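Here's the structure, in structure tokens; my notes come after.
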Amino acid sequence: MDSSRPDTELMRSVLEKLSALEAAAARSGGGVVIEIEPEPLVLPPLPGGMREVFGSLRSIGGNLLRFDRPAVVASAERLDARPRREGDPFADAAVIGTLRFALPEFIAFAEWEDVVHVDLLDGSVFYCDSDEYLFRYENPGEGPPFERLTGSVAEFFDEFVLGWRYAELVARAVGEEHALVLGTPAVVRDRWLELLLAAGLV
Numbered sequence: 004m005d006s007s008r009p010d011t012e013l014m015r016s017v018l019e020k021l022s023a024l025e026a027a028a029a030r031s032g033g034g035v036v037i038e039i040e041p042e043p044l045v046l047p048p049l050p051g052g053m054r055e056v057f058g059s060l061r062s063i064g065g066n067l068l069r070f071d072r073p074a075v076v077a078s079a080e081r082l083d084a085r086p087r088r089e090g091d092p093f094a095d096a097a098v099i100g101t102l103r104f105a106l107p108e109f110i111a112f113a114e115w116e117d118v119v120h121v122d123l124l125d126g127s128v129f130y131c132d133s134d135e136y137l138f139r140y141e142n143p144g145e146g147p148p149f150e151r152l153t154g155s156v157a158e159f160f161d162e163f164v165l166g167w168r169y170a171e172l173v174a175r176a177v178g179e180e181h182a183l184v185l186g187t188p189a190v191v192r193d194r195w196l197e198l199l200l201a202a203g204l205v
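Going by the working numbering, the sequence shown opens with residue 4, and the numbers climb by one from there.
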């Protein structure tokens, strides 16, 4: 990972990869979401490439992980008026990635779980599932630092969503049951990984 790459270079890479994914998705059997603005939105000033990435992207992902533009970044007014509960470890963060994992016979009953967050103050991206969130909320100031994934949103999308580190993120989110995704044939298919492979991005 080269954290020294500027956001402009990373964003160019993100857009090129999205173009390749859209072409591959048109040839695939579906199962993925790629929602891109026809014209980039003008968002308020935001750090870490958030303005550029979320100005273009609404929602992308597959059946396991989904990545969405948080509503709070849509305007300066929403950003300033965001809920900030006392003691909430995520008072200055927003969810950008969710997980839904279950065996095929139970997937209709599974809910999306918040797992990837962005720090709205510096643009860094970190991992925290619902169990860790509950622990942090009930025990303020305790526990190790959050698991930081990248220093910017642009870097996160380039590597973890559209690139070679996506499988690493899935393994982290799914945990021990990741073997169900890796089997041949897989018990749980990863539609997004299949698309990345078809597009030649991993």
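Heads up, the beta-carbon is just placed ideally off N, CA and C, and yes, glycines get one too.
Bear in mind that the values here come from a model prediction, so they are computed numbers and not experimental data.
To the nearest angstrom, how far is it from the Cα of residue i to the Cα of residue j?
i: Val128; j: Arg30; result: 32 Å
i: Ile39; j: Ala23; result: 13 Å
i: Leu196; j: Pro107; result: 17 Å
i: Ser133; j: Thr11; result: 33 Å
i: Lys20; j: Leu199; result: 9 Å
i: Leu165; j: Glu141; result: 35 Å
i: Phe149; j: Gly33; result: 34 Å
i: Ser155; j: Met53; result: 8 Å
i: Asp71; j: Arg88; result: 23 Å
i: Ser62; j: Val36; result: 7 Å
i: Pro47; j: Phe93; result: 20 Å
i: Val119; j: Val56; result: 15 Å
i: Pro147; j: Glu80; result: 33 Å
i: Ala202; j: Phe109; result: 30 Å
i: Ser59; j: Pro143; result: 36 Å
i: Glu42; j: Ser78; result: 17 Å
i: Glu171; j: Asp83; result: 34 Å
i: Ala27; j: Phe112; result: 30 Å
i: Leu135; j: Ala157; result: One point to set straight first is that residue 135 is Glu, not Leu, in the sequence displayed. Roughly 25 Å between the two C-alpha positions.
i: Pro73; j: Ala105; result: 25 Å
i: Leu18; j: Phe138; result: 37 Å
i: Thr153; j: Glu179; result: 23 Å
i: Leu204; j: Leu124; result: 30 Å
i: Leu13; j: Glu145; result: 34 Å
i: Val98; j: Val45; result: 20 Å
i: Glu114; j: Arg175; result: 18 Å
i: Leu67; j: Leu49; result: 28 Å
For residue i, I'd like the list of residues in its chain whose CB is within less than 6 Å of its CB, leaving aside the five on either flank, ordered along the chain.
i: Arg69; result: Thr101
i: Ser16; result: Asp161
i: Asp122; result: Ala96
i: Arg85; result: Val75
i: Gly65; result: Val35, Arg194 and Trp195
i: Gly51; result: Gly126, Ser155 and Val156
Among residues of its own chain, excluding the 5 on either side of residue i, which ones have a beta-carbon nearer than 7 Å to its beta-carbon?
i: Arg151; result: Ser127 and Phe129
i: Val184; result: Val173, Val177, Val191 and Asp193
i: Asp91; result: Tyr140
i: Phe159; result: Val128, Leu152 and Thr153
i: Glu25; result: Ile37
In the DSSP output, which residue or residues are listed as bridge partners for residue i?
i: Ser62; result: Glu38 and Asp71
i: Ala176; result: In the DSSP output, where bridge partners are listed per residue, Ala176 has none listed.
i: Arg151; result: Phe129
Identify, in the order they occur along the chain, each residue of the same chain with its Cβ nearer than 8 Å to the Cβ of residue i, setting aside the five sequence neighbours on each side.
i: Glu116; result: Thr101, Leu102, Arg103, Asp132 and Ser133
Those runs of the beta strand (DSSP E) which lie wholly inside the stretch 116-145 and span at least 3 residues: For the stretch 116-145, whole beta strand (DSSP E) runs of length 3 or above, ordered along the chain, are 116-122 and 128-130.
Minimum length 4: unbroken alpha helix (DSSP H) runs contained in the stretch 79-119: Qualifying alpha helix (DSSP H) stretches, in chain order: 79-83.
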